[in-house]
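Visitor:
Residue numbers (this note's numbering): 134 to 342.
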């Protein structure tokens with residue numbers, strides 16, 4: 134039996150999604166509308182999958198994912214959202230999310246996304262993939278493929294002059310995780326300070342503002 138914790142702050146979405154999933158003979162669904170209570174449930178009960186809305190009120194889907202993974206590192210997380218995924222995708226992947234599916238998807242697509250996530254396979258909507266390819270082409274044209282999209286985001290954050298702690302909080306990363314990513318960026322740019330990194334990016338024609 135696959136135990137799924139369904140988390141969404143809209144009762145109507147909970148009801149409709151639960152009804153769909155319960156048609157699968159090997160799915161057992163537990164639902165919760167409160168993110169904080171959902172985190173507690175992860176610690177109290179055994180779940181294979183955490184199916185959650187990205188745009189939950191505090192804590193949001195990203196924070197909830199991180200908290201759940203701290204409690205149960207092997208829990209499979211699937212984001213179920215009605216919003217575009219592209220802007221949040223790098224951070225979601227950093228947070229341990231495996232699957233992504235739109236709330237407008239056919240029930241079969243939702244089931245497929247969950248089963249694929251359990252096998253550690255990621256399913257993305259075709260529209261999301263197209264946008265990602267378009268973004269990647271644009272980024273490669275800007276920096277000749279030197280940097281990844283998330284590294285560009287870090288560079289832009291460096292330009293704000295904020296501290297590592299402030300930037301990591303803004304990116305919803307742990308400070309150590311952010312500082313590791315920053316050190317990797319420094320190595321790639323062959324620099325040792327934030328100012329040098331920004332200057333080097335400008336030399337390479339990478340837009341940081």
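The beta carbon of each residue, even a glycine, is placed where N, CA and C say it ideally should be.
Is residue 296 buried or exposed, if buried means 16 or more other CB atoms sit within 10 Å of its CB?
Guide: By the 10 Å Cβ count, residue 296 comes out exposed.
Visitor: Thinking just about the alpha-carbon of each residue, which of 300, 207 and 331 is nearest to the one in residue 427?
Guide: The structure shown does not extend to residue 427, since the chain is modelled only from 134 through 342, so no value can be given for it.
Visitor: Which residues does DSSP pair with residue 213 in a beta bridge?
Guide: According to DSSP, which records beta bridges pairwise, residue 213 is partnered with 234.
Visitor: Are there three or more Cβ pairs, one per stretch, closer than 8 Å when the segment 176-186 is compared with the segment 196-214?
Guide: A contact exists between the segment 176-186 and the segment 196-214.
Visitor: With respect to the alpha helix (DSSP H) encompassing residue 175, which residues constitute its N-terminal and C-terminal limits?
Guide: Segment 168-177, the alpha helix (DSSP H) holding residue 175.
Visitor: Would you kindly work out how many angstroms separate the C-alpha atoms of residue 162 and residue 196, rounded to a whole number?
Guide: If I take the Cα positions, the gap works out to 22 Å.
Visitor: How would you write the range of the beta strand (DSSP E) that residue 244 sits in, first residue to last?
Guide: Per DSSP, residue 244 belongs to no beta strand (DSSP E); it is in the alpha helix (DSSP H), 240-251.
Visitor: Quick check: what's the CA-CA separation for residue 240 versus residue 147?
Guide: Roughly 14 Å separates the two Cα atoms.
Visitor: Write down the C-beta distance between residue 287 and residue 314 rounded to the nearest angstrom, noting that I regard them as a contact closer than 8 Å.
Guide: Sure, about 6 Å apart at Cβ, within 8 Å.
Visitor: Taking its Cβ as the centre, do 16 or more other Cβ atoms sit within 10 Å of residue 194, making it buried, or is it exposed?
Guide: With 16 or more Cβ atoms within 10 Å of its Cβ, residue 194 is classed as buried.
Visitor: Reducing DSSP to helix, strand and coil, say where residue 161 ends up.
Guide: Here residue 161 sits in strand by DSSP.
Visitor: Starting from residue 184 and walking both ways along the beta strand (DSSP E), at which residues does that stretch end?
Guide: Looking at the DSSP string, the run of the beta strand (DSSP E) that includes residue 184 is 182-185.
Visitor: Closest to residue 158 by C-alpha separation, out of 171, 169 and 136, would be which residue?
Guide: Cα-wise, what sits closest to residue 158 is 136.
Visitor: Identify the continuous beta strand (DSSP E) that holds residue 139 and give its terminal residues.
Guide: Its beta strand (DSSP E) spans residues 135-140.
Visitor: Going by C-alpha to C-alpha distance, which of 292, 172 and 180 sits closest to residue 328?
Guide: Answer by Cα proximity: 292.
Visitor: Is residue 322 closer than 7 Å to residue 333 when the C-beta atoms are compared?
Guide: Yes, they are a contact pair.
Visitor: Classify residue 228 as helix, strand or coil using the three-state DSSP reduction.
Guide: Reduced to three states, the DSSP call for residue 228 is coil.
Visitor: Let me know the secondary structure DSSP gives residue 189 once reduced to three states.
Guide: The answer is coil: DSSP assigns residue 189 none of H, G, I, E or B.
Visitor: Here's the rule: buried if 16 or more other CB atoms are within 10 angstroms of the residue's CB, otherwise exposed. What is residue 199?
Guide: With 16 or more other Cβ atoms within 10 Å, it is buried.
Visitor: Measure the Cβ-Cβ separation of residue 224 and residue 305 and say whether it is below 7 Å.
Guide: Yes, these two residues count as a Cβ contact at 7 Å.
Visitor: Just the Cα atoms here: how many angstroms apart are residue 330 and residue 324?
Guide: Between residue 330 and residue 324, the C-alpha separation is close to 6 Å.
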